[in-house]
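Engineer: Let me begin by handing over the structure; questions about it come next.
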Amino acid sequence: MTASSTSSNPARRIAVAGASGRMGRMLIEAVLAADDCRLAGALDIAGSPALGQDAGAPLGATTGVPIVSDLREGLANSQVLIDFTRPEGTLAHLKVCRELGVQAVIGTTGFSDEQKAQIAEIARDIAIVLAPNMSVGVNVTLKLLEMAAKAMSTGYDIEIVEAHHRHKVDAPSGTALKMGEVIAQALGRDLKDCAVYAREGVTGERDPSSIGFATIRGGDIVGDHTVLFAGTGERIEISHKSSNRNGYAQGSLRAARFLAGHKSGLFDMFDVLGLR
Ligand SMILES: NC(=O)C1=CN([C@@H]2O[C@H](COP(=O)(O)OP(=O)(O)OC[C@H]3O[C@@H](n4cnc5c(N)ncnc54)[C@H](OP(=O)(O)O)[C@@H]3O)[C@@H](O)[C@H]2O)C=CC1
Ligand SMILES: O=C(O)C1=N[C@H](C(=O)O)C[C@H](O)C1
63 MTASSTSSNP
73 ARRIAVAGAS
83 GRMGRMLIEA
93 VLAADDCRLA
103 GALDIAGSPA
113 LGQDAGAPLG
123 ATTGVPIVSD
133 LREGLANSQV
143 LIDFTRPEGT
153 LAHLKVCREL
163 GVQAVIGTTG
173 FSDEQKAQIA
183 EIARDIAIVL
193 APNMSVGVNV
203 TLKLLEMAAK
213 AMSTGYDIEI
223 VEAHHRHKVD
233 APSGTALKMG
243 EVIAQALGRD
253 LKDCAVYARE
263 GVTGERDPSS
273 IGFATIRGGD
283 IVGDHTVLFA
293 GTGERIEISH
303 KSSNRNGYAQ
313 GSLRAARFLA
323 GHKSGLFDMF
333 DVLGLR
């Protein structure tokens, strides 16, 4: 939905955390371009050289919204925070969101189980969308994987290969892990018991119940994911490739619009896109 805002349907007031990051800049551009959204705050970490700049400066735009590190100041006028930062930053932001009653769309990846549990606890008070990949294409791919895994539950070895830019700090990607979880669940397995994250030396033969992961880091690759179902005499590859970051930003805005109808609860992009 990209309906223009009206007096009965006012624009969503959105703050962006990690405003000077790769996703932060993309999100600010997307918010400024959306008729039904308004940039209401921009946050970055203390010490960032971007602090004090107009949030639109990298785009050559003047928004009147400065990038600040004070969370209460950055969130004061906002209904939703869109956060693509680091796990510890996101958790700190969420605590203030809960205090102020600000909703959150979280794209950050690399959370520990304990950090995920903290997010779930905060979602008892505010509505949150948490997803390791906001793009429509990746979420449809997850549904395809669910179907493929059920149909190829025996006789096929499952390997997940992901490739990202040289700056990415977590591995495997949040999306690759989610793909693994979806496949494991479809097969009645627990990813914790069957994931193989590295192979080196004399590893022995492949355990047929395992789900393998391989990680590539290099250059400016935006985000590629391929799941291989390798059988005898045939193999199937299901791939998604992002060629820019706009799909992640547009998915985040859809999530921000979706949250308008919710007071509390933890949601993902299946909820936002009606894929559940
Ligand atoms: N869900 C999805 O669809 C997608 C998820 N991601 C995830 O989003 C996250 C960010 O990715 P990307 O934009 O490429 O990363 P960047 O490193 O380009 O940007 C991160 C931003 O967060 C800031 N930051 C770093 N640490 C903290 C902290 N502790 N508290 C507050 N702010 C902090 C950085 O500031 P500084 O540079 O000064 O350190 C920077 O502005 C990653 O976890 C990535 O995996 C990415 C793309 C899509
Ligand atoms: O860091 C990135 O760039 C991306 N991170 C997300 C992930 O870890 O899955 C999503 C996307 O692949 C880009």
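Going by my numbering, the first residue of the sequence shown is number 63, and it counts up by one from there.
Note that CB positions come from ideal geometry on N, CA and C, so glycine has one too.
#1: For glycine 114, does the three-state DSSP call read helix, strand or coil?
#2: Could you name the residues whose beta carbon sits closer than 5 Å to any heavy atom belonging to ligand 2, keeping them in chain order?
#3: Pick out whichever of Ala238, Ser314, Ala211 and Gly336 has its Cα sitting closest to the Cα of glycine 293.
#4: Can you determine whether any heavy atom of ligand 1 sits closer than 7 Å to the C-beta of isoleucine 278, and answer yes or no?
#5: Among Glu150, Glu176, Ser215 and Ile188, which has the Cα closest to the Cα of leucine 162?
#6: Let me confirm a value: methionine 63 is counted as buried when at least 16 other C-beta atoms fall within 10 Å, else exposed. Which label applies?
#7: I need the boundaries of the beta strand (DSSP E) containing glutamate 221, first residue and last residue.
#8: To which residues does DSSP link proline 128 through a beta bridge?
#9: Indicate whether the contact test is met: 3 or more Cβ pairs, each with one atom in the region 92-105 and one in the region 126-144, closer than 8 Å.
#10: By how many angstroms is the C-alpha of glycine 263 removed from the C-alpha of glycine 336?
#11: CB-CB under 6 Å to isoleucine 129, same chain, minus the five flanking residues each way: which ones, in chain order?
#12: Verify the contact flag: methionine 85, CB atom, against every heavy atom of ligand 1, threshold strictly below 7 Å.
#13: Is aspartate 252 close to chain D? Criterion is C-beta to C-beta, closer than 8 Å.
#14: According to DSSP, is histidine 155 part of a helix, a strand, or is it coil?
#15: What does the alpha-carbon distance come out to for the pair alanine 225 and lysine 178?
#16: Assuming the contact rule is C-beta atoms closer than 8 Å, glycine 242 and phenylalanine 275 should be a hit. Round their C-beta distance to whole Å, please.
#17: For methionine 209, count neighbouring C-beta atoms within 10 Å of its own C-beta (all shown protein chains included) and say buried if the count is 16 or more, exposed if not.
#18: Could you check the C-alpha separation between serine 301 and histidine 287 for me, to the nearest Å?
#19: Going straight from the alpha carbon of glycine 172 to that of threonine 125, what length do you get?
#20: What's the gap between the Cα of serine 66 and the Cα of isoleucine 273?
#21: Compute every distance between the C-beta of aspartate 282 and the non-hydrogen atoms of ligand 1, then say whether any falls below 7 Å.
#22: Could you have a look at arginine 148 and say whether DSSP puts it in helix, strand or coil?
#23: Pairs of beta-carbons, one from the region 189-206 and one from the region 326-334, closer than 8 Å: are there three or more?
#24: Output the boundary residues of the beta strand (DSSP E) element that contains glutamate 299.
#25: Tell me whether the beta-carbon of methionine 214 lies closer than 8 Å to the beta-carbon of tyrosine 310.
#26: Is DSSP giving alanine 185 helix, strand or coil here?
#27: At a threshold of 7 Å, does aspartate 106 count as lining ligand 1 (C-beta to nearest heavy atom)?
Structural biologist: Inspection of the coordinates gives the following:
#1: coil
#2: Sorted by chain position, residues whose beta-carbon lies closer than 5 Å to a non-hydrogen atom of ligand 2 are Thr171, Pro194, Asn195, Lys230, Ser235, Gly236, Thr237 and Gly285.
#3: Checking every option, the nearest Cα to that of glycine 293 belongs to Ala211.
#4: Answer for isoleucine 278: no, Cβ out of range of ligand 1.
#5: Answer by Cα proximity: Ile188.
#6: Note that methionine 63 scores 35 on pLDDT, short of 50, meaning its location in the model is unreliable; the coordinates nonetheless yield the value given after this. Exposed is the call here.
#7: 219-226
#8: Asp116
#9: Between the region 92-105 and the region 126-144, the count of C-beta pairs closer than 8 Å reaches three or more; the two stretches touch.
#10: 45 Å
#11: Ala81, Ala104, Asp106, Ala112, Leu113, Gln115 and Ala117
#12: Distances from the CB of methionine 85 to the heavy atoms of ligand 1 include at least one below 7 Å.
#13: Going by chain labels, chain D is absent from the structure shown, which holds only one protein chain.
#14: helix
#15: 24 Å
#16: In this structure, glycine 242 and phenylalanine 275 form a Cβ contact; the two beta carbons are roughly 7 Å apart against a cut-off of 8 Å.
#17: exposed
#18: 6 Å
#19: 31 Å
#20: Model confidence at serine 66 stands at a pLDDT of 47, short of 50, so the residue's coordinates are unreliable; what they give is reported in the following sentence. Going from the Cα of serine 66 to the Cα of isoleucine 273 covers about 45 Å.
#21: No, since every heavy atom of ligand 1 falls outside the 7 Å radius drawn around the Cβ of aspartate 282.
#22: coil
#23: yes
#24: 297-304
#25: No, the pair does not count as a contact, with Cβ atoms beyond the cut-off.
#26: In the three-state reduction of the DSSP assignment, alanine 185 falls in the coil class.
#27: yes
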